[in-house]
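Protein chains in written order, with my numbering: chain A, 2 to 114; chain B, 9 to 121.
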Amino acid sequence: SQTIHQWPATLVQPVGSPLSLECTVEGTSNPNLYWYRQAAGRGLQLLFYSVGIGQISSEVPQNLSASRPQDRQFILSSKKLLLSDSGFYLCAWSSGTGSEKLFFGSGTQLSVL
Amino acid sequence: RKEVEQDPGPFNVPEGATVAFNCTYSNSASQSFFWYRQDCRKEPKLLMSVYSSGNEDGRFTAQLNRASQYISLLIRDSKLSDSATYLCVVNSPGMDSSYKLIFGSGTRLLVRP
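Quick look at the structure:
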């Protein structure tokens, strides 16, 4: 069966510090991978998605970036965090058939202080 | 106009009540529709897909009205454990012929004893 791992679960970082969140998927190959962010009391905002190694599409211009160095690994990064980067970050995968269901990791609660 | 719109609620209902949520979407080319459930500070989990002919899963019934571009979720005989936020999700075609899942901001349900 497929599983998705995301870490860390919580993170407190000072403004201006770097960020690296990692997500890995097991039990499937060539998944579509996604990073979403959810601000407190708000809906999910798609940040990045990837249909293959090295292929990243950005939905919202910002100081975040994403990379997919391996088929089942997706990394969210920032060189300098802003206060507005605080939120609940969720990694997700889908089978990529076009009518896909999303399966989420357990999320990372990021607080930038 | 948002691509996917939901009444944020909260809907506060007694146990055993029937409650219905609606969701409207703006892109008539959307092809796939889902309802997700999200508990507080947890990742969203797929509740059910929404099919053109309508579909039922136990106490939950989902319906799609393509002409009016709305989706509904009906919960019968509400349980305390149904308290959560319900997210409407619609796939939306992108410029590159790919599809992305767009989330509504969610409708919060509170079931009281």
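A virtual CB, placed ideally from N, CA and C, is assigned to each residue, including glycine.
Each of A:A93, A:Q46, A:L83 was checked against the Cα of A:P15, and the nearest Cα belongs to A:L83. A:S79 and A:S18 have their alpha carbons spaced roughly 8 Å apart. Around B:G112, the beta-carbon contacts reaching into chain A at under 7 Å are G44. Taken through DSSP and simplified to helix, strand or coil, A:S78 comes out as strand. Per the C-alpha coordinates, the member of B:K53, B:L82, B:S76, B:R74 positioned closest to B:R67 is B:L82. Residue burial annotation: A:Q56 is exposed, with fewer than 16 other C-beta atoms found within 10 angstroms of its C-beta. When 9 Å is used as the limit between beta carbons, B:E64 is near no residue of chain A, the shortest such separation being about 18 Å. DSSP places B:S36 in the coil class of the three-state scheme, outside both helix and strand.
When DSSP states are grouped into helix, strand and coil, A:L114 belongs to the coil group.
Distance from the CA of B:K10 to the CA of B:S40, rounded to the nearest whole angstrom, comes to 17 Å.
With a beta-carbon spacing of about 6 Å, A:L47 and A:Y37 fall inside the 8 Å limit used to define contacts. Look at B:L54: its C-beta is under 7 Å from a C-beta on chain A.
Using a CB distance cut-off of 7 Å, B:L109 counts as an interface residue toward chain A. Annotation for B:K108: the continuous beta strand (DSSP E) segment containing it runs 107 to 111.
Scanning the stretch 48 to 112 of chain B from its first residue to its last, no whole alpha helix (DSSP H) run of 4-plus residues comes out.
Residue state for A:L83 is assigned as coil, using DSSP reduced to three classes. A:S59 is bridged by DSSP to A:F49.
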